[in-house]
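Student: Following this message is one structure expressed as structure tokens.
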Amino acid sequence: MDPLIKVFDLNHSYRTGSVDEVKALNGIDLQINRGDMLAITGQNGSGKSTLARHFNGLLIPESGKVLVEGLSTADKNNTAAIRRLVGMVFQNPDNQLVSSIVEEDIAFGPENLGLPPAEIKERVDWVLETLNLQKLRSESPNQLSEGQKQLVAIAGVLSMKPRCIVLDEPTSHLDPRSRREVLENILRLNREEEITIVLVTHFMNEVVHCNRMIVMDKGKIALEGNPHEVFHHKEKILQLGLDFPVAAQLAAGLRRKGISLPEDIIQTEELVNSLCRL
Amino acid sequence: MPIVVTGLHHSYKKGTPFEKKVLHDLSLQINDGEFVGIIGPTQSGKTTLAQHFNALYIPQQGTVVVNGCDTTDKKADLVNLRHQVGYVFQNPDYQLFASTVGADIAFGPHNQKLSSGEIKIRVREAMDQVGLDYDSFYKRDIFALSGGQKRRAAIAGVLACRPQILILDDITAGLDPQGREEIRAVIQKLHREHKITIIFISNSMDEVAELAERIIVIEQGRILIDGATREIFSQSEKLYSIGLELPEVMVIANRLRENGYRLPSTVLNLEEAIDSIATALDERQVAE
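Just so you know, the sequences run in chain order R and E.
Heads up: the first sequence at position 233 corresponds to 1164 in our numbering, and the numbers run straight through without jumps.
Heads up: the second sequence at position 78 corresponds to 80 in our numbering, and the numbers run straight through without jumps.
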């Protein structure tokens, strides 16, 4: 099957033409396949968010091309269709919530699509159920915790029934449980609803749950592959300012003490299983 | 200079139909040289509490006394207090406003009406403390800094007033791993070498477990538990019940214990985990 999103030789600069021009993206080639759970990581300023904002046409290529289901983001006539296919969730849910009641907020997108009321209601019910938010249906978003707000923001995007959801550091300001709840919901949407997920994150313990990852560095893709492959490039990972998942760090420490453990441990499960087999 | 909080209450929109109680009858003491972590779910009142420590909030009810200075006292010198108790906000963009690093860091000492020679000494000292090289960063544009450098510049701006207490409000959120590591190293040095009291608000259990000596857990405006870091993380059920978790190494250690590993009940950092797992394996081999 054709990839969902194709990126060809994508370039983007900030402050173009000025002395302090920053080349945020430098010749990116990338394919995002249907059903991918793709993590984008890399240092602050490496171009992660700039890249993510190209996936639904929030940013238009300076040069190069981004195709979403074959539609070029550069063509304004495609913008509405592309935004329906690819939804965006940002770091701060307050920038994304528009209504004073949760269910109205979730209905906002479908209403704008001009769907009939029965269909809108059906979608709102489905989204509330899918994300376990039924209890919050009639609440006011500003009474919710940050984690709940972020789930409502995801709900608002999900109600558009997108093929892909791009989340830009959705958990960086959440407390531990909210962080886990948001991650679990994203993983479930990918697994059960077959929604393609692009997750921009600094947390390696989120990255390890993805089936693919790319590491950005100075506007280029420095490493790409599944997390096991990528974390195998040990020196490069450190050079790129990343760290290893805790399970990998612990496994490395134990190997240095002479305990024989596989080289490619990155997840808690893998470490616990290996240690229990010793 | 200890902080003594007694019977502190605080409400948002007090006196309106939308009044919301944020802090309820909260009392605590923080002593000189402590490294205190404050954790709790979002909106539990952590930031509101901490902003009372340097008189960004004045108690509506109850008192906050910092080094003998009662912030409710109309004659209290709150400007001086804010120099002694520095507050670094989560988002450095709220804190940095001058165009260059040097000018930004000089702002506090300048306001203290120090001589230009003294200001220069303070700026150099503060930059040194956070590991920003004076010559290469003094004239650097704030916008040209990385996330980690920006946060270090924000810390330096507060350090230039030579505070005795430093409040760090979730300052590693949104930073990449290297940036977080840089900040951790700076904080540890300030505490160990410069004996600054650190009050560290964080959503990262890993960081709090690694850095703090004492932890105060806040929930719905009250202190749920307050104690030594190890003691706090041994109460995992209480933490889970309010939406907090354990440091990741401890989660792994617990899983191993369930599978028959003989490990201590709390494991706070990587080194402890590595040592205790290796020891458990050795003992098992001896037993076999």
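Heads up, the beta-carbon is just placed ideally off N, CA and C, and yes, glycines get one too.
(1) Give me the chain R residues within the contact set of V251/E, using Cβ-Cβ distance strictly less than 7 Å, ordered along the chain.
(2) For the segment 1093-1118 of chain R, list every residue whose C-beta sits within 8 Å of some C-beta in chain E, in sequence order.
(3) Check this for me: beta carbons of I157/E and L170/E, under 9 Å apart or not?
(4) Need the endpoints of the beta strand (DSSP E) that Y89/E sits in, please.
(5) Evaluate G150/E with the Cβ neighbour count: other Cβ atoms within 10 Å of its Cβ, from every protein chain shown; 16 or more gives buried, anything less gives exposed.
(6) Taking 9 Å as the threshold (C-beta atoms), are I5/E and V81/E in contact?
(7) Does any residue of chain E have a CB that is nearer than 9 Å to the CB of K1188/R?
(8) Of the choices E195/E, E184/E, E183/E, G181/E, whose alpha-carbon is the least far from that of Q166/E?
(9) Would DSSP call Q114/E helix, strand or coil?
(10) Considering Cα atoms alone, identify which of L25/E, Q86/E, Q190/E, K152/E is closest to E212/E.
(11) Short of 7 Å in beta carbon distance, which residues of its chain neighbour D960/R, apart from the five on each side in sequence? Order them along the chain.
(12) Is E239/E helix, strand or coil by DSSP?
(13) Who pairs with A230/E in a beta bridge, going by DSSP?
(14) Report all residues from its chain with a CB closer than 7 Å to the CB of K23/E; omit the five preceding and five following residues, and keep chain order.
(15) Buried or exposed, going by whether 16 or more other CB atoms sit within 10 Å of the CB of R153/E?
(16) Opposite S1003/R in the DSSP bridges: which residues?
(17) Taking only beta-carbon atoms, is E209/E less than 9 Å away from chain R?
(18) For E1194/R versus H1164/R, is the C-beta distance shorter than 9 Å?
(19) Against D1148/R, what residues of chain E qualify as contacts under a CB-to-CB distance less than 7 Å, listed in chain order?
(20) Return the bridge partner residues of M1144/R from the DSSP annotation.
(21) With DSSP as the reference, identify every bridge partner of D208/E, one or two as the case may be.
(22) Name, please, each residue of chain R whose Cβ falls closer than 8 Å to the Cβ of S148/E.
(23) Output yes or no for whether 9 Å exceeds the beta carbon distance between G88/E and N113/E.
(24) In chain E, which residues lie less than 7 Å from N1136/R when you measure between Cβ atoms?
(25) Can you name the start and end residues of the alpha helix (DSSP H) that L25/E belongs to?
(26) What are the start and end residues of the beta strand (DSSP E) that includes S944/R?
Tutor: To lay it out plainly:
(1) V1177, L1181
(2) E1100, S1103, H1104, L1105, D1106, P1107, R1108, S1109, R1110, R1111
(3) yes
(4) 87-90
(5) buried
(6) no
(7) yes
(8) E195/E
(9) coil
(10) Q190/E
(11) V938, F939, D940
(12) helix
(13) R216/E
(14) S13, G223
(15) buried
(16) L998/R
(17) no
(18) no
(19) Within chain E, no residue comes near D1148/R; the closest Cβ sits about 11 Å away, beyond 7 Å.
(20) A970/R, G1156/R
(21) Per DSSP, none; premise fails for D208/E.
(22) Q974, N975, G976
(23) no
(24) E250
(25) Unbroken run through L25/E is the beta strand (DSSP E), 22-32; no alpha helix (DSSP H).
(26) 936-945
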